[in-house]
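Working notes, structure below.
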Amino acid sequence: MIHMKGNIMIQGTMSNVGKSLFTAGLLRVLVQDGFSAAPFKSQNMALNSYITAEGLEMGRAQVMQAEAAGILPEAAMNPILLKPNSEMGSQVIVNGEVVGNMKAVEYMHRKKEYIPHILAAYEKLKQKYSVIVIEGAGSPAEINLREYDIVNMGLAELLDAPVLLIGDIDRGGVFAQLYGTVALLEEQERKRVKGFIMNKFRGDEQLLKPGIRMLYDKCRIPVAGVIPYTELDIDDEDSMAERLLSGRRPELIDIAVIRLPHISNFTDFNPLETIEHVSLRYVSTLRELGVPDLILLPGTKNTMHDLFWMRENGMEKKIKQLVHESSSLLMGICGGFQMMGEELMDPHCLEWEGHMQGMGLLPLQTIFKEMKVRSRITGEILPVRSSGNQIYQALSGSTFSGYEIHMGRTDSLAGVGRLASIVHQDDGTRQLDGYVSGNCMGTYVHGIFESGTFRNNLIQLLFDRKGLVWKGRKEVDYLTYKNSQYDLLADIVREHTDIKAIYHMIGMS
441 MIHMKGNIMI
451 QGTMSNVGKS
461 LFTAGLLRVL
471 VQDGFSAAPF
481 KSQNMALNSY
491 ITAEGLEMGR
501 AQVMQAEAAG
511 ILPEAAMNPI
521 LLKPNSEMGS
531 QVIVNGEVVG
541 NMKAVEYMHR
551 KKEYIPHILA
561 AYEKLKQKYS
571 VIVIEGAGSP
581 AEINLREYDI
591 VNMGLAELLD
601 APVLLIGDID
611 RGGVFAQLYG
621 TVALLEEQER
631 KRVKGFIMNK
641 FRGDEQLLKP
651 GIRMLYDKCR
661 IPVAGVIPYT
671 ELDIDDEDSM
681 AERLLSGRRP
691 ELIDIAVIRL
701 PHISNFTDFN
711 PLETIEHVSL
721 RYVSTLRELG
731 VPDLILLPGT
741 KNTMHDLFWM
751 RENGMEKKIK
761 QLVHESSSLL
771 MGICGGFQMM
781 GEELMDPHCL
791 EWEGHMQGMG
801 LLPLQTIFKE
811 MKVRSRITGE
821 ILPVRSSGNQ
831 IYQALSGSTF
841 SGYEIHMGRT
851 DSLAGVGRLA
861 SIVHQDDGTR
871 QLDGYVSGNC
881 MGTYVHGIFE
891 SGTFRNNLIQ
901 LLFDRKGLVW
911 KGRKEVDYLT
921 YKNSQYDLLA
931 DIVREHTDIK
941 AIYHMIGMS
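Residues in the sequence shown are numbered consecutively from 441, following my numbering.
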């Protein structure tokens, strides 16, 4: 392992230009070349989160980047996480711990209070790793927010980091994106921008060269790479992800995920997309839903609001009809599991004021409490019940691992039909999780499809219910699959960027 100390910051002309993936790709290249490297993002706004081995919460994007770097995720990689729970506010998480809900204006004025936490987290990583690859958020040219900036140029100054600026050519106007962003920066900020990356290019790169020369003449910043538009199966950061768009055609086995307004941790379902003859669709209207073999109710940052949304647009009624009158199975995870019960209560107004009737599909009652449950777990589906429930018959003994992250506490009103036995990794305690009744089941466990036998046994059940033979059945190591995608990403970054110039920016030559 090569030992040195350096950093580089990846910023973008706007959101969703590819900062997270480029960061992951560069981390993979660094590790392949013998450096120890880690990701860092001071502030992340996302509903996809993760629980570390220490029981702390962080954004999934930095988990993905840690995986690309071949290291364990830790909360220091994302010291501030904002989880939107309303149109104007978010739950604020600092160093993996919830500090409360804040309106946007309140958080804006309190931002600078968190700078010591950001610097301490960065220093913690700096002591362990040779190179820190820092990711910005949104755009550094949001001049109305410059005074409060702790995630773009303000952070680059605090950490004395050179900057690579990424533009998205697929959206059009990439030269205007890059030049306009630089033009709006202060002089000392412009000096930090050492190179441009043009991302998601389709076509003949020769056609770009006149523009690249003109861009350099105008701002004296070189283009360090032109990366082609490439489809890779790597975890997306949040709700702008292309995988959430509807339009995928059903395969032999059709799985539909309800795209809730506050959908969270949709990365739970990515492993299902790797299975041959299985389609995974995200739907938000009755027309899109159809008659799937499996309906998935995902996690949500506002369970009661999103249940109300389903109630108003007819989705709840249609789902219940499909479960009772067709062969569709329904599975809820976390917030989706909570919705399936008899009632939901929020006495502290954490998500929604007061009381709401649930979908009535499972004999459960959920009460939202101020203390969040955060724990990594392993689990096993309970033995076959005498009732002969088909779900138990097929899944009995299936294993899985994952994590819990929720405000609600759910109690069974019937006392029978629990889905699984789980063990908390932090203290070794064992408890029951989830519930099964008829065509419905639910669990609190995120990541349940990633490891163990649960995923394959569930898919086998879906094939069996349709009288089909699953010819593609095999135990897929999802981590091995993800590593192959990270290697492909590194190949693309290495081939289409000036790695030597980027290493020079970091201080390696």
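Yeah, the Cβ is synthetic: ideal placement off N, Cα and C, and Gly gets one too.
Starting from residue i, trace the beta strand (DSSP E) in both directions and tell me its first and last residue.
i    : result
A860 : 860-864
T707 : Here T707 belongs to no beta strand (DSSP E), and DSSP marks it neither H nor E.
R870 : 870-873
A478 : 477-480
I606 : 603-608
Y435 : Lying outside 441 to 949, the shown extent of the chain, residue 435 is not represented and no answer is given.
K551 : Here K551 belongs to no beta strand (DSSP E), and DSSP marks it neither H nor E.
M485 : 483-485
A696 : 693-698
Excluding the 5 residues flanking residue i on each side, which residues of the same chain have their C-beta closer than 7 Å to its C-beta?
i    : result
E772 : Inspection of the sequence shows that residue 772 is occupied by Gly rather than by Glu. Answer for G772: L737, M779, M780, G882, listed in chain order.
L470 : A477, V571
V666 : M638, F641, E645, L648, H936
E626 : none
Starting from the C-beta of residue i, find all residues in its chain whose C-beta is less than 6 Å away, skip the five residues before and the five after it, and write them out in chain order.
i    : result
G452 : K459, I606
M948 : none
S679 : Low per-residue confidence applies at S679: pLDDT is 49, beneath 50, and the placement is therefore not dependable, though the value from the model is reported in the following sentence. So the list is empty, once near-sequence residues are dropped.
Y918 : P711, E890
F706 : P738
Give the DSSP-derived three-state secondary structure of residue i in the structure shown.
i    : result
C789 : coil
R721 : strand
D746 : helix
E582 : coil
S852 : strand
R632 : coil
T621 : helix
T714 : helix
R816 : strand
L512 : coil
K543 : strand
P650 : helix
E507 : helix
G446 : strand
E810 : strand
M498 : strand
L801 : coil
V731 : coil
V614 : helix
G643 : coil
M945 : helix
M847 : strand
Y989 : Not covered by the structure: residue 989. The range shown for the chain is 441 to 949.
Taking a contact to mean a Cβ-Cβ separation below 8 Å, would you say residue i touches residue j in this structure?
i    : j    : result
H936 : P668 : yes
I491 : S815 : yes
P602 : K566 : no
S838 : F777 : no
A930 : G446 : no
T740 : L700 : yes
G842 : V885 : yes
K812 : R849 : no
D608 : V856 : no
N753 : H702 : no
S704 : N518 : no
K906 : D733 : yes
Q502 : K481 : yes
L770 : I759 : yes
Spatial neighbours of residue i within its chain, please: CB distance less than 8 Å, with the 5 preceding and 5 following residues excluded, ordered by chain position.
i    : result
I583 : L624
L655 : F615, L618, Y619, F636, I661, V663
A834 : N897, L898, Q900, L901, D904
A515 : T492, E494, L496, E497, M498, N535, G536, A561
S861 : G819, E820, L822, R870, Q871, L872, D873
V538 : E497, Q531, V532, K812
My assumption, with CB atoms under 8 Å, is that residue i sits in contact with residue j. Please give the rounded CB distance.
i    : j    : result
E715 : M755 : Note that residue 715 is Ile in the sequence shown, not Glu. Contact flag wrong, Cβ pair sits at about 25 Å.
Q483 : V591 : 4 Å
D708 : G887 : 6 Å
R632 : M593 : 7 Å
L521 : I674 : About 20 Å; that fails the 8 Å criterion.
E575 : I450 : 5 Å
Determine the extent of the alpha helix (DSSP H) in which residue i is found, giving its start and end residues.
i    : result
T670 : Premise fails: T670 is in no alpha helix (DSSP H) and is neither H nor E.
L461 : 459-472
Q531 : Unbroken run through Q531 is the beta strand (DSSP E), 529-534; no alpha helix (DSSP H).
H936 : 918-936
A834 : 830-835
V763 : 755-765
I590 : Here I590 belongs to no alpha helix (DSSP H), and DSSP marks it neither H nor E.
Check whether the Cβ of residue i sits closer than 7 Å to any heavy atom of the ligand NAD, and report yes or no.
i    : result
I817 : Only the bare structure without any ligand can be found here, which leaves the ligand NAD out of the picture.
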